[in-house]
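As C-alpha cells, the structure follows; a few thoughts come after it.
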Amino acid sequence: MATPTHEAAVASGLGASVTRNQLALVTADVVECRRCPRLVAWRERVASQKVARFADDEYWGRPVPGSGDPDARILIVGLAPAAHGGNRTGRIFTGDASADFLFPALYGAGLSNSGVSRRRDDGLRLIDTYIAAVNRCAPPDNKPTPVERDNCLPYLEREIAALERVRVIVALGAYAWDGTLRALASLGHVRRPRPRFAHGAEAQIGPYTMIGSFHPSQQNTFTGRLTRPMLDAVFARAVEIAGIRARGRAARAGGDAPDGRGPEGSPKRRPRPVRSSSAGAGSDRARG
Ligand code: SF4
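Numbering (the working numbering) for the sequence shown: 208 to 495.
Spelled out as C-alpha cells, the structure:
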C-alpha cells in the first residue's frame, strides 16, 4: 500500500527499491495468511494427502505469492493456484498443465527466459512481467466463494499499487477479469459501463489497459477453446501496448533480463494509484 514514506521515496527516485520492498511485504503477508478457513483446510489436506504421481514431493501447502519482475510493465492475473500445481511447488503457474501451456507462449513473446515452469528453483525468470492471482490458496473445484475472493483481493491491490511500471494487465479467465476490475476499483480506477470479459477484449481503466484471455486450463486447451495462436496473439498485443517488444526479444536472446529499461528509452514510472476506499469489495466467482 502506498504510504507517505513510499511516496516520498518514489519522488526522490528510489521507486525501484521501494517497489521491491512493498512486494516483499505483500509476499510475507500472503504466505502466512489463514483468513479463509475452508481454503486453509483444503490446501493443507491436499498437501498432506497428495496424489500418486507426486507422492514423493514435499508440497508447499500454503498461500502462493505473486512472482516475477518488480519492474514489470505487464501483469498477468490468474484465478488461484492449482491444487497439485502451485499448491505443490509454491510458485504460481508452476508444475501443472496450465503452466505447460502458458510458459511456451510467454517465452515466445520474450517475457520469460524459459518456456518451462516446473519447480520453484528451476531458474525461470519472468521478463518485464509479474504473475499474480485473485486467490492465493488452491480452492476446491477451482471455485472460491465471494467472501474468499474478497478476503484475498487486498493482496492483488497492494501488488498493483506497488508495481509502478505496469501498463497492461492480462486477465486469464472471467474470474480474473472480474477480480482485477474489483481491485482496480478499490484503487480508484472505475470504468462505466463495466467492461465485459471476452478472449481478446481490451479495456482502458485508469492508466492500465486490461486484456482478457481464456484461461490456459486443460478444459480450455484440450477442447480447443484456447489455442496456442490465440494465446500468442494476446501476449503479442500486451507486449505491443506495453512497448517492450524489442527489449523482450533482446533479453530472451540473452537468456536473461537486462537491468535497462527497453530500447525505446526509459518509460516513466506512472503516478501511483490512489486508493479510494477500503480493500476488497463486491461479490462473484472462477482459475489461475
Ligand atoms: S485465499 Fe487469500 S485470503 Fe484466503 S487464506 Fe488464502 S491467502 Fe488468505
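Ideal Cβ placement from N, Cα and C applies to all residues, glycine included.
Point to revise | Any alpha helix (DSSP H) of 4 or more consecutive residues that is wholly inside the region 226-277 | key: 244-256
Exercise for review: Return yes when the Cβ of residue 289 is within less than 8 Å of the Cβ of residue 378, no when it is not.
Suggested key: For this step, residue 378 is matched to residue 171 along the sequence shown. For this step, residue 289 is matched to residue 82 along the sequence shown. Taking 8 Å as the Cβ cut-off, residue 378 and residue 289 do not qualify as a contacting pair.
Check your understanding: Which whole-angstrom value describes the C-beta separation of residue 362 and residue 284, a residue pair presumed to lie in contact below a C-beta threshold of 8 Å?
Key -> As a first step, residue 362 is located in the sequence shown; it is residue number 155 there, counting from the start. As a first step, residue 284 is located in the sequence shown; it is residue number 77 there, counting from the start. In fact, because the Cβ distance is near 11 Å, the residues do not count as touching under 8 Å.
Exercise for review: Return yes when the Cβ of residue 444 is within less than 8 Å of the Cβ of residue 418, no when it is not.
Suggested key: Sequence index remark: in the sequence shown, residue 418 carries index 211 (1-based). Sequence index remark: in the sequence shown, residue 444 carries index 237 (1-based). Taking 8 Å as the Cβ cut-off, residue 418 and residue 444 qualify as a contacting pair.
Check your understanding: Among 249, 229, 234, which has the Cα closest to the Cα of residue 351?
Key -> On the sequence shown, residue 351 is found 144 positions in, with the first residue counted as 1. Closest by alpha carbon: 249.
**Study point:** Close Cβ partners of residue 279 (< 8 Å) along its chain, the five nearest in sequence each way excluded
**Key:** To locate residue 279, count along the sequence shown from 1; it is residue 72. If we look at residue 279 and ignore the five residues flanking it on each side, its Cβ neighbours are 333, 335, 336, 337, 370, 372, 373.
Check your understanding: Under the three-state reduction of DSSP, which class applies to residue 341: helix, strand or coil?
Key -> As a first step, residue 341 must be located in the sequence shown, where it is residue number 134. Three-state DSSP puts residue 341 in coil, outside helix and strand.
Practice item. Look at residue 227 and residue 270 and say whether their C-beta atoms are less than 8 Å apart. Key: As a first step, residue 227 is located in the sequence shown; it is residue number 20 there, counting from the start. As a first step, residue 270 is located in the sequence shown; it is residue number 63 there, counting from the start. Cβ atoms of residue 227 and residue 270: not closer than 8 Å.
Practice item. With hydrogens ignored, establish whether the beta-carbon of residue 247 is closer than 7 Å to any heavy atom of the ligand SF4. Key: Residue 247 sits at position 40 when you count from the first residue of the sequence shown. Checking the Cβ of residue 247 against the ligand SF4 gives yes.
Practice item. Return the Cβ separation of residue 442 and residue 312 in integer angstroms, given the expectation that the two are a contact with Cβ distance under 8 Å. Key: Mapped onto the sequence shown, residue 442 falls at position 235. Mapped onto the sequence shown, residue 312 falls at position 105. Confirmed, about 6 Å.
**Study point:** At least three beta-carbon pairs within less than 8 Å, the region 323-332 to the region 290-302
**Key:** yes
Review point. How about residue 288: is its Cβ closer than 7 Å to a heavy atom in the ligand SF4?
Key: Along the sequence shown, one-based indexing puts residue 288 at 81. No.
Review point. Hey, how far is the Cα of residue 223 from the Cα of residue 259?
Key: Counting from 1 along the sequence shown, the entry for residue 223 is found at position 16. Counting from 1 along the sequence shown, the entry for residue 259 is found at position 52. The alpha-carbon atoms of residue 223 and residue 259 are separated by roughly 43 Å.
**Study point:** Residue burial classification, residue 423 (beta-carbon count within 10 angstroms, cutoff 16)
**Key:** Stepping through the sequence shown from its first residue, residue 423 is reached at position 216. That one is buried.
Review point. What span of residues does the alpha helix (DSSP H) with residue 313 cover, start to end?
Key: The count along the sequence shown starts at 1 and reaches residue 313 at position 106. Residue 313 -> alpha helix (DSSP H) spans 304-315.
Exercise for review: Return helix, strand or coil for residue 293, following the three-state DSSP convention.
Suggested key: For the purposes of this step, residue 293 is taken as residue 86 along the sequence shown, with counting starting at 1. Correct three-state label for residue 293: helix.
Check your understanding: Cα separation between residue 427 and residue 229?
Key -> For the purposes of this step, residue 427 is taken as the residue at position 220 of the sequence shown. For the purposes of this step, residue 229 is taken as the residue at position 22 of the sequence shown. The alpha-carbon atoms of residue 427 and residue 229 are separated by roughly 35 Å.
Check your understanding: Tell me which same chain residues have a C-beta within less than 6 Å of the C-beta of residue 266, skipping the five on either side of it?
Key -> Along the sequence shown, one-based indexing puts residue 266 at 59. The answer, listed in chain order, is 254, 295.
Review point. Roughly how many whole angstroms lie between the Cα atoms of residue 440 and residue 261?
Key: Against the sequence shown, residue 440 aligns to sequence position 233. Against the sequence shown, residue 261 aligns to sequence position 54. Distance between the alpha carbons of residue 440 and residue 261: 34 Å.
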